[in-house]
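Those letters in the sequence shown? Residues 2 to 130, per this note's numbering, in order.
Note that CB positions come from ideal geometry on N, CA and C, so glycine has one too.
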Amino acid sequence: MTGMDDLATWLRTQLDDDERASRGATPGPWRVSSISEFGTADVEGITTAYAEPCCAAEDAEHIARWDPARVLTEVDAKRRILDLHSAEPGQHPDFCGHDMHELPCPTVRLLALPMAGRDGYREEWRPTT
């Protein structure tokens, strides 16, 4: 198994986890619905047990930006990029079919970087440039 196989398998598992979490979340769209004079806010589209605003306005904006539909779109885009940067049938299995870099290519390494804090990430996958 090459480093790409390991990284690609690990990355696909992370994307599956992100998809599962997004599909299990309250469906969106999520939006900041109100901001109080104290800088706290509510996020419309998320069911909460609180009568008070959920959080600071900046936190509410961040939550709303990670609406489940956006995450699902990002997961799909990342899977497509990962597919583009795999070895093509008939090509040497250690080279990216898109840009012919040795696998794991810089693009796949960068796709995995935001998830580097998750279990199973290896420092050898960190981008070198």
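(Q) Using the three-state DSSP reduction, which class does Ile36 fall into: helix, strand or coil? (A) Numbered from its first residue, the sequence shown carries residue 36 at position 35. For Ile36, the three-state secondary structure derived from DSSP is strand.
Q: For Glu45, name the three-state secondary structure that DSSP assigns.
A: Taking the first residue of the sequence shown as 1, we reach residue 45 at position 44. Annotated three-state conformation of Glu45 is strand, per DSSP.
Q. Alpha carbon to alpha carbon, how far is Trp67 from Gly40?
A. Position 66 of the sequence shown holds residue 67. Position 39 of the sequence shown holds residue 40. Roughly 20 Å between the two C-alpha positions.
Q) Residue range of the alpha helix (DSSP H) that Asp77 falls in? A) On the sequence shown, position 76 is the one that residue 77 refers to. DSSP places Asp77 inside the alpha helix (DSSP H), whose first and last residues are Pro69 to Leu85.
Q) With DSSP run on the structure shown, which of helix, strand or coil describes Glu103? A) For the purposes of this step, residue 103 is identified with residue 102 of the sequence shown, where counting begins at 1. DSSP places Glu103 within a strand segment (E or B) once states are collapsed to three.
**Q.** Inter-residue Cα distance where the pair is Gly4 and Asp84
**A.** Working through the sequence shown from its first residue, we reach residue 4 at position 3. Working through the sequence shown from its first residue, we reach residue 84 at position 83. Residue placement at Gly4 is flagged as unreliable, the pLDDT there being 49, under the threshold of 50; a coordinate-derived value is accordingly withheld.
Q: Determine the direct distance from the alpha carbon of His93 to that of Thr118, and round the result to whole angstroms.
A: Residue mapping note: residue 118 aligns to position 117 of the sequence shown, counting from 1. Residue mapping note: residue 93 aligns to position 92 of the sequence shown, counting from 1. Reading the sequence as shown, one finds Gly at residue 118 and not Thr. A direct Cα-Cα distance of roughly 31 Å separates Gly118 from His93.
Q | Whole-angstrom C-beta distance between Val44 and Ala61, which should lie under 8 Å | A | On the sequence shown, position 60 is the one that residue 61 refers to. On the sequence shown, position 43 is the one that residue 44 refers to. The pair is a contact, with the Cβ atoms about 5 Å apart (cut-off 8 Å).
Q: Please work out which residues of its chain come closer than 7 Å, Cβ to Cβ, to Cys106, disregarding the five sequence neighbours upstream and downstream, and give them in chain order.
A: Looking up residue 106 in the sequence shown gives position 105. Counting only Cβ-Cβ distances below 7 Å, and skipping sequence neighbours, we find His86, Cys97 and Asp100.
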